[in-house]
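**Q**
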Amino acid sequence: MRVPHLVGLMAVDACETARAQGLLLNAPDRPDFHLTVVDYVVRQYPQPGSEVPRESMVYVWFDFGEGEGGGGMREPRVPKPPRGGLQRELDEPGGSFEMIRGAT
Numbered sequence: 081m082r083v084p085h086l087v088g089l090m091a092v093d094a095c096e097t098a099r100a101q102g103l104l105l106n107a108p109d110r111p112d113f114h115l116t117v118v119d120y121v122v123r124q125y126p127q128p129g130s131e132v133p134r135e136s137m138v139y140v141w142f143d144f145g146e147g148e149g150g151g152g153m154r155e156p157r158v159p160k161p162p163r164g165g166l167q168r169e170l171d172e173p174g175g176s177f178e179m180i181r182g183a184t
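If you want our numbering, it's the position in the sequence shown, counting the first as 1, plus 80.
1) Pull up the DSSP beta-bridge partners for E131, would you.
2) Check the C-beta distance from V83 over to S130 and give it rounded, since I have them as a contact under 8 Å.
3) Buried or exposed for A94, please, with buried defined as at least 16 other CB atoms from any protein chain shown within 10 angstroms of its CB.
4) For D143 and D109, which I take to be in contact (beta-carbon distance under 8 Å), what is that distance rounded to the nearest angstrom?
5) Which two residues bound the contiguous beta strand (DSSP E) that contains V140?
6) Assign R123 to one of three DSSP states: helix, strand, or coil.
7) Considering only the beta carbon of each residue, do M137 and V117 sit closer than 9 Å?
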């Protein structure tokens, strides 16, 4: 049987999906895994699509661990971008386009 794709599923959905496939689920980073409901699976082993015997153990993680993944800090940008959207930067006087316009 093939291991289902569990990454991105909530804990309760990952349990139901694995159980429906005849697989067992374990979470090494959560000793209270049976109480976990709303955390999302971020990693799994074996990989989705791997062939395993029925009632095999599939390991899932709900945290990337120290220094892995994540989006980092979300601090405000300083200085803030100007209001009103993008604006065209004007050419320097006497720039290359001035010569082209003057030649015609």
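By construction, the Cβ of each residue, glycine as well, lies at the ideal position given by its N, Cα and C atoms.
**A** Taking the coordinates as given:
1) R82
2) 5 Å
3) buried
4) 5 Å
5) 137 to 141
6) strand
7) no
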